[in-house]
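Residue numbers (my numbering): 113 to 514.
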């Protein structure tokens, strides 16, 4: 899917008359004004939604085209009444045609439902979106051509697509939930540079949980992608992306799917019960997955380029040996400097030194040039295609040798 934001129509509505709070009729622009219907906000100030608002969803309901505005929804709901035919936007933050870039705009504490797009920030900088929920819309939340945006405590559920960005830089997403959307949960496109995402959850979306790219110099912390119909995480045309504490479980396709990625790092990754591969990369290089947990027995780390890696149940070990840690199946690995370097760290330790073996074409062979870190109890080697797992001599052999 190549997302391009569609046209946004603008409702023709006058600014609702101000209601003076704790002041007199001669109040300044600092006075909080009450919004009770669809409107266009053209002056700086504080605005509060005092009741639920319903309106035909073929126009924009609330448009903000001034800097230095706070719109507090006070927990109210802005509902479009066109159902599946909705084409308008619930809340649009964007300058008027030919106007300056907007800055210092805050939208908070509001539920938006049944619109073409629930909430849009376009050509905005140094602004905030907080405690906003969007449901039952074509697009939940869209942010385009904007920078230094803080998005926090926001959810997009039961939409066609959840959160979509295009040309967003130097922004922060805190506590974002995208769930039960028919398409993609979180979809970034074009220039996604210098952003930080903390506590992101993508679950039970019909297609990909999180789709990233092109993206550069971006950090993800505490990301969960689970029970999505497609890939847990897809990354395209990206580099210098770091993800720590990533959980990808029960997704319908690949846990980590990478295309044309150069220089990405995933650390403390838990992958379980995905239908497809653990890691599938094409046209990629210098990708590191550190401390990957797929099940009991230990963790796997790897530095790879283009390859496909799945968890594996190894065949019977050679006589006198037994498997003592996790196993992975490597396929479509490129030759040369991009061949995967795999490290397996074992949970259980004993006085013997295990070896790293590979099973290919019906035969086991012990890998050469394996390094063993006795402190970390980690085996490391460059591997080719086949099942890779640590083997140790059986308990009976160890006792005999003793």
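We put the CB at the ideal spot given by N, CA and C, even for glycine.
Euclidean distance between Cα positions of residue i and residue j
i	j	result
residue 389	residue 225	36 angstroms
residue 356	residue 216	31 angstroms
residue 490	residue 381	17 angstroms
residue 349	residue 433	43 angstroms
residue 245	residue 342	24 angstroms
residue 392	residue 494	18 angstroms
residue 401	residue 416	8 angstroms
residue 361	residue 459	22 angstroms
residue 442	residue 271	37 angstroms
residue 237	residue 243	19 angstroms
residue 492	residue 322	31 angstroms
residue 262	residue 240	5 angstroms
residue 165	residue 267	20 angstroms
residue 480	residue 300	43 angstroms
residue 364	residue 378	21 angstroms
residue 305	residue 451	29 angstroms
residue 369	residue 396	11 angstroms
residue 162	residue 331	38 angstroms
residue 409	residue 437	5 angstroms
residue 421	residue 277	30 angstroms
residue 206	residue 200	14 angstroms
residue 351	residue 324	11 angstroms
residue 247	residue 274	9 angstroms
residue 269	residue 344	17 angstroms
Presumed contact (8 angstroms Cβ cut-off) between residue i and residue j, rounded CB distance
i	j	result
residue 181	residue 160	Not quite, the Cβ-Cβ distance comes to about 12 angstroms (not below 8 angstroms), so this is no contact.
residue 235	residue 258	7 angstroms
residue 296	residue 319	5 angstroms
residue 499	residue 429	11 angstroms between Cβ atoms; not a contact.
Assigned secondary structure, residue i (DSSP; H/G/I helix, E/B strand, else coil)
i	result
residue 504	strand
residue 196	helix
residue 417	coil
residue 206	coil
residue 474	coil
residue 450	helix
residue 463	coil
residue 328	strand
residue 403	strand
residue 515	Since the first residue shown for the chain is 113 and the last is 514, residue 515 is missing from the structure and cannot be characterised.
residue 489	coil
residue 429	coil
residue 389	coil
residue 469	strand
residue 272	coil
residue 294	coil
residue 248	coil
residue 214	strand
residue 342	coil
residue 494	strand
residue 435	strand
residue 379	strand
residue 225	strand
residue 318	coil
residue 363	coil
residue 368	strand
residue 482	coil
residue 238	strand
residue 163	coil
Other residues of its chain near residue i: CB distance less than 8 angstroms, five sequence neighbours each side excluded
i	result
residue 198	169, 170, 192, 226, 227, 228, 249 and 250
residue 334	310, 311, 312, 356 and 357
residue 316	291, 292, 338, 339 and 340
Bridge-paired residues (DSSP) for residue i
i	result
residue 441	422 and 499
residue 351	328 and 374
residue 157	181
residue 258	280
residue 286	264 and 310
residue 410	458
7 angstroms Cβ shell around residue i - same chain, five flanking residues per side excluded
i	result
residue 221	184, 185, 186, 187 and 243
residue 255	233, 261, 277 and 280
residue 463	none
residue 488	457
residue 505	432, 433 and 464
residue 373	347, 350, 351, 393, 396 and 399
Cβ neighbours of residue i in the same chain (closer than 6 angstroms, five flanking residues each side left out)
i	result
residue 158	144 and 182
residue 512	Residue confidence for residue 512 is low, a pLDDT of 45 falling below 50, so the modelled location carries little weight; the figure read from the coordinates is stated next. So no residue of the chain qualifies.
residue 383	360, 367, 390 and 406
residue 469	476, 478 and 503
Chain B within 9 angstroms of residue i, Cβ atoms only
i	result
residue 310	Although the question refers to chain B, the structure presented lacks it and comprises just one protein chain.
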